[in-house]
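Residue numbers (our numbering), protein chains in the order written: chain A, -7 to 320; chain B, -7 to 320. A quick write-up on the structure given underneath.
In structure tokens form, the structure reads like this:
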């Protein structure tokens, strides 16, 4: 079977690709376990270089997800699954509303229509976000049964796609599953336009011996999850029996609720033998305003019942990052 | 100021037009009460005849709401308000998914973009629906804080438009307000493609001396509201202070929760001096399946706090219909 990963050359897309290459098979539209013969990574721009772990099964295509013909060209077989990760992120969406609508909403609709045009019931795993929650009436603990009143364009488009995926699935157009992601840590590389970018920086920059300037205070609290559990969750959600998911195809991924202070403490514990760059706080009102709209705590009973994984604690997440990305 | 009513030549659009002609003014984008010099009724097809109550202020235009240029041509002044009532209805949406997406979602986006293109903050009142609620996890009593997991394409597009209107309003693109309608009774004329069509037929056909064949049993229960309170609610929501509505711009309209048996009893009470056509039950699985997805009861604290009206009981609704549409 063929796997399409939109946003596939981003950090999570690459981790997911590596996991699928190792795994070698997934449940196909037939319901049987099928070998993966192609993994197509689609992204706004194809990277200049191939990753060393990509074998001949991996193809890379750059293009505009808001172009219907482009997307229909990617989803060109019936024995196919799609992991739809491509998205304008939260900070980016606040700065360019039209781009967020074009990529996240029109792009999503193109994916949904292309899957609908195939024979059978191909599976779709969609990267939704805890940013679907927010606003003055937001519950203290948000989860699978909380009303979605997002306060960012990013979160609004994710909530709209959850609704669309539920309905396309109900209509029998494809078999969709949405995974509501908390903040994902620890992303390697450089900060990005996501308002949550600092939650990786607080670990990554000090571990690289660089200073980290936090845009929010150490008492800020949020639910988060390590990238290993995110990738494991995507695959587990793809493999779950449809009947076990039911008519609401979206689940909040498991998460750990911690403060920025907890993050710094875990970093200092796990990396006690390393020289860490300094961490300081310089409040950034633009980021603070977005972070203030995030939920403080998230429940995740449905994902846990489906067997989706979670790291035990922050220490496990920091240790995994050191193992995966630093010289030990 | 100019008022655009999409779906304006339908039953509720005509009642709203009559109410606005009598009222003569609304709060304009300036915040001041402004005389209405034009009411533009937009609909899929312009009716062959003008209603007798339409004076020279009323203009009628037929066209396709999914055509962006058409919609931008309607919303051609800054001193404007829009009542967006146009919609493919529930039964129609189940039979033609693509039409529901084109009219309800693309059409909605065209309205939102055209309002955004105006200077100032024009007000929009959107006819959403209690059909945004549904599914296996639906609360027994749904309302302003209930999660929206619609089980019809109609309800899904209404929920998506609520999300979009919240975000366009948050961004300062226009001043949107969504009114979540329960089943509206008593519609005159003929049955339509809405799954709820029988809830008007059960009154209308017997009052006209005609038989009514109910597609569901008399124990079916649902929240409903008379058309006078619906129109009053649209106008009151348009006039409400934005700060009183807050960041979730959608409210469930007030409603009465009654059974089909209650409806028949009220009809027989209020029309005791009339010869009524017979009412029989012949279950229709297509309609029963949709009705089974509706909520049994609805709360409406926010609308009530905003002063939106409700009839006292079914008897008042039946008496109003007789006064408005039958020879007394």
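C-beta atoms are modelled at their ideal positions from N, C-alpha and C, and glycine is treated no differently.
Unbroken stretches of the alpha helix (DSSP H), 4 residues or longer, contained in the stretch 3 to 62 of chain B: 3 to 15
Min CB distance residue 292 of chain A to chain B below 7 Å: Translated into the one-based positions of the first chain, residue 292 of chain A becomes position 300. No, its Cβ sits nowhere closer than 7 Å to a Cβ of chain B.
Selection of the stretch 201 to 231 of chain B by Cβ proximity to chain A, strictly under 9 Å: none
Ordered list of beta strand (DSSP E) runs contained in the stretch 221 to 279 of chain A, each at least 3 residues: 242 to 244, 248 to 251, 271 to 273
Opening and closing residue of the alpha helix (DSSP H) in which residue 196 of chain B lies: In the second chain, residue 196 of chain B corresponds to position 204, counting from 1. Note, residue 196 of chain B: alpha helix (DSSP H), 189 to 199.
One or two residues paired with residue 76 of chain B in a DSSP bridge: The sequence position of residue 76 of chain B within the second chain is 84, counting from 1. Residue 76 of chain B is bridged to B:-2, B:118.
Beta-carbon gap between residue 341 of chain B and residue 269 of chain B smaller than 7 Å: No information on residue 341 of chain B is available, as it lies outside the stretch -7 to 320 that chain B covers here.
Contact under 7 Å by Cβ, residue 102 of chain A with residue 49 of chain A: Within the first chain, the letter at position 110 stands for residue 102 of chain A. Within the first chain, the letter at position 57 stands for residue 49 of chain A. Going by C-beta atoms, residue 102 of chain A is not nearer than 7 Å to residue 49 of chain A.
Under the three-state DSSP convention, the category residue 135 of chain A falls into: On the first chain, residue 135 of chain A is found 143 positions in, with the first residue counted as 1. It is coil, neither helix nor strand.
Cβ-based burial, residue 261 of chain B [other Cβ within 10 Å; buried from 16]: Residue mapping note: residue 261 of chain B aligns to position 269 of the second chain, counting from 1. Exposed, since its Cβ has fewer than 16 Cβ neighbours within 10 Å.
Assigned exposure category for residue 343 of chain B - 16 Cβ within 10 Å defines buried: Residue coverage of chain B in this structure runs from -7 to 320, which leaves residue 343 of chain B outside it and unanswerable.
Cutoff 7 Å: residue 18 of chain B Cβ touching any chain A Cβ: Residue numbering aside, residue 18 of chain B sits at position 26 when the second chain is read from its first letter. Not one chain A Cβ lies under 7 Å of residue 18 of chain B.
Residue closest to residue 259 of chain B, alpha-carbon to alpha-carbon, out of B:193, B:41, B:209: For this step, residue 259 of chain B is matched to residue 267 along the second chain. Ranking B:193, B:41, B:209 by CA distance to the CA of residue 259 of chain B puts B:193 first.
Residue 174 of chain A beta carbon less than 7 Å from that of residue 229 of chain A: Looking up residue 229 of chain A in the first chain gives position 237. Looking up residue 174 of chain A in the first chain gives position 182. No. Outside cutoff.
Residues near residue 91 of chain A in its chain [Cβ-Cβ closer than 8 Å; skip 5 each side]: Position 99 of the first chain holds residue 91 of chain A. Cβ within range, chain order: 80, 84, 85.
Option in B:282, B:-4, B:227 with minimal Cα separation from residue 185 of chain B: As a working mapping, residue 185 of chain B is identified with position 193 in the second chain. It is B:282 whose Cα lies nearest to the Cα of residue 185 of chain B.
Among B:293, B:274, B:248, B:266, the one whose alpha carbon lies nearest that of residue 308 of chain B: As a first step, residue 308 of chain B is located in the second chain; it is residue number 316 there, counting from the start. Among B:293, B:274, B:248, B:266, the Cα nearest to that of residue 308 of chain B belongs to B:248.
Coil, strand or helix - residue 162 of chain A by DSSP: Within the first chain, the letter at position 170 stands for residue 162 of chain A. Helix.
Closest residue to residue 23 of chain B among B:201, B:295, B:231, B:-1 (Cα-Cα distance): Against the second chain, residue 23 of chain B aligns to sequence position 31. If we check each option's Cα against that of residue 23 of chain B, B:231 comes out closest.
Pick from A:253, A:-7, A:225, A:116 that is closest to residue 156 of chain A, judged by C-alpha positions: Along the first chain, one-based indexing puts residue 156 of chain A at 164. It is A:116 whose Cα lies nearest to the Cα of residue 156 of chain A.
Within chain A, the residues that residue 89 of chain B reaches when beta carbons sit closer than 7 Å: By one-based count along the second chain, residue 89 of chain B stands at place 97. Chain A residues near residue 89 of chain B: 163.
Buried/exposed call for residue -1 of chain A, threshold 16 Cβ in 10 Å: Sequence index remark: in the first chain, residue -1 of chain A carries index 7 (1-based). By the neighbour-count rule (16 or more Cβ atoms within 10 Å), residue -1 of chain A is buried.
Backbone CA spacing between residue 172 of chain B and residue 37 of chain A [nearest angstrom]: The residue you call residue 172 of chain B lines up with position 180 of the second chain. The residue you call residue 37 of chain A lines up with position 45 of the first chain. Roughly 42 Å separates the two Cα atoms.
Under the three-state DSSP convention, the category residue 309 of chain B falls into: Looking up residue 309 of chain B in the second chain gives position 317. Residue 309 of chain B: helix per DSSP, three-state reduction.
Rounded straight-line distance, which links the Cα of residue 233 of chain A to that of residue 52 of chain A: One-based indexing of the first chain puts residue 52 of chain A at position 60. One-based indexing of the first chain puts residue 233 of chain A at position 241. For residue 52 of chain A and residue 233 of chain A, the distance between alpha carbons rounds to 30 Å.
Cα-Cα separation between residue 295 of chain A and residue 189 of chain B, rounded to whole angstroms: Counting from 1 along the first chain, the entry for residue 295 of chain A is found at position 303. Counting from 1 along the second chain, the entry for residue 189 of chain B is found at position 197. Whole-angstrom Cα-Cα distance: 39 Å.
Outcome for residue 15 of chain B when other beta-carbon atoms lying within 10 angstroms are tallied against a minimum of 16: For the purposes of this step, residue 15 of chain B is taken as residue 23 along the second chain, with counting starting at 1. With fewer than 16 Cβ atoms within 10 Å of its Cβ, residue 15 of chain B is classed as exposed.
7 Å Cβ cutoff, residue 137 of chain A in contact with chain B: Counting from one through the first chain, the residue named residue 137 of chain A turns up at place 145. Chain B contact via Cβ: present.
Identity of the residues DSSP links to residue 291 of chain B by a beta bridge: Translated into positions along the second chain, residue 291 of chain B becomes position 299. Paired residues: none, contrary to the question.
Same chain, Cβ closer than 6 Å to residue 280 of chain B, neighbours up to 5 away in sequence not counted: Walking along the second chain from the start, residue 280 of chain B turns up at place 288. Around residue 280 of chain B: 208.
Assumed close pair residue 321 of chain B, residue 263 of chain B - CB separation to whole angstroms, cut-off 8 Å: Residue 321 of chain B lies beyond the stretch modelled for chain B, which goes from -7 to 320, so this question has no answer here.
Beta-bridge pairing of residue 175 of chain A - partner residues as DSSP gives them: Position 183 of the first chain holds residue 175 of chain A. DSSP lists A:216 as partners of residue 175 of chain A.
Residues sharing a beta bridge with residue 204 of chain A, DSSP: For this step, residue 204 of chain A is matched to residue 212 along the first chain. According to DSSP, residue 204 of chain A bridges with A:271.
Secondary structure of residue 181 of chain A, DSSP reduced to three states: As a position in the first chain, residue 181 of chain A is number 189, starting the count at 1. Of the three classes helix, strand and coil, the one that applies to residue 181 of chain A here is coil, per DSSP.
Beta carbon of residue 134 of chain B nearer than 7 Å to that of residue 125 of chain B: As a position in the second chain, residue 134 of chain B is number 142, starting the count at 1. As a position in the second chain, residue 125 of chain B is number 133, starting the count at 1. Yes; because the gap between Cβ atoms is below 7 Å, this pair is in contact.
Chain B contact residues for residue 145 of chain A, given Cβ-Cβ distances below 9 Å: The residue given as residue 145 of chain A occupies position 153 in the first chain. Within chain B, the residues placing a beta-carbon under 9 Å from that of residue 145 of chain A are 159, 162, 163, ordered along the chain.
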